[in-house]
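In full-length UniProt numbering, the protein residues as written are 1 to 241.
Here it is in structure tokens:
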């Protein structure tokens, strides 16, 4: 019991087991916030630095310091999770709940940084250079699809994970040997597809879908076709996840 200043004796409550409804966000709401994050991540490194933060604050008429949002890692930059918590104004437990509910979206938002930190591939063919150009502005969305398909979370897509996708995409059987021969080319063949190789595969779908014979090459038409291709891939990834 607890005695108040007025002499009233009240029972001391154990609040540790009490719960209240946790604020939740839909997948679309989370995606919308992360889309804002990507727009102001000017150099595409998966973080918002001081200069990018200043641009964001001016554009959105926000009065806040970088430190106001840099609440988790405290490294002078804002990652997607920190930005989400700041932008929606939620509590730390609510933010953590959102991270757990939509871990694939937050992983996709971070995948740009990891990709950029990889050593740049050398000796790319002209075809692979085109693939990179076609998908350069869509790495975040491709990363989201990739993480949804990566069932074991090892950062690669193996034959069984790819088969689920490709069976939905095409009417003929998945030929794993041919697929890996065509796309397992970012470094020594390892029988798995990494994110860059997956970008190449999606780029080829965009080229095929563009159905244009542009004298400037396949890149312009494929870039126009890419949003539709990504929408199809994302729908399938959500279905088989």
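Beta carbons: idealized from backbone N, C-alpha and C, even for Gly.
Go to residue i, then tell me how far its alpha helix (DSSP H) extends in each direction, as first and last residue.
i           : result
residue 218 : Note, residue 218: premise wrong, no alpha helix (DSSP H); not H, not E.
residue 24  : Segment: none, residue 24 is in no alpha helix (DSSP H) and carries neither H nor E.
residue 67  : 66-69
residue 130 : 126-135
residue 55  : 50-60
residue 77  : Careful: residue 77 lies outside any alpha helix (DSSP H) and carries neither H nor E.
residue 151 : Note, residue 151: premise wrong, no alpha helix (DSSP H); not H, not E.
residue 198 : 195-210
residue 277 : With the chain represented from 1 up to 241, any question about residue 277 goes unanswered, as that position is not in the structure.
Using only the alpha-carbon positions, how far apart do residue i and residue j sit?
i           : j           : result
residue 117 : residue 194 : With a pLDDT of 49 at residue 117, under the threshold of 50, the modelled position of this residue cannot be trusted; read the value that follows with caution. Those two C-alpha atoms are separated by around 14 Å.
residue 236 : residue 165 : 7 Å
residue 234 : residue 144 : 8 Å
residue 171 : residue 219 : 26 Å
residue 189 : residue 90  : 45 Å
residue 150 : residue 59  : 36 Å
residue 137 : residue 168 : 25 Å
residue 24  : residue 88  : 11 Å
residue 34  : residue 42  : 14 Å
residue 154 : residue 224 : 31 Å
residue 64  : residue 97  : 24 Å
residue 177 : residue 221 : 29 Å
residue 83  : residue 69  : 6 Å
Is it buried or exposed for residue i, if we count other Cβ within 10 angstroms and need 16 for buried?
i           : result
residue 127 : exposed
residue 62  : exposed
residue 76  : exposed
residue 52  : buried
residue 241 : exposed
residue 216 : exposed
residue 19  : Note that residue 19 scores 48 on pLDDT, short of 50, meaning its location in the model is unreliable; the coordinates nonetheless yield the value given after this. So residue 19 ends up on the exposed side.
residue 238 : exposed
Which of the three DSSP states is assigned to residue i in this structure?
i           : result
residue 157 : strand
residue 229 : helix
residue 63  : coil
residue 98  : helix
residue 170 : coil
residue 47  : coil
residue 163 : helix
residue 42  : coil
residue 188 : coil
residue 89  : coil
residue 123 : coil
Can you find the residues in the same chain that come closer than 7 Å, C-beta to C-beta, to residue i, ignoring five residues on each side of it along the sequence?
i           : result
residue 102 : 27, 30
residue 40  : 48, 52, 55, 56
Could you pull out every residue in the same chain whose Cβ sits closer than 6 Å to the Cβ of residue i, ignoring the five residues on either side in sequence?
i           : result
residue 192 : 156, 158
residue 198 : 146
residue 95  : 85
residue 211 : none
Near residue i, what residues of its chain come up, given a Cβ to Cβ distance below 8 Å and the 5 sequence neighbours on each side ignored?
i           : result
residue 208 : none
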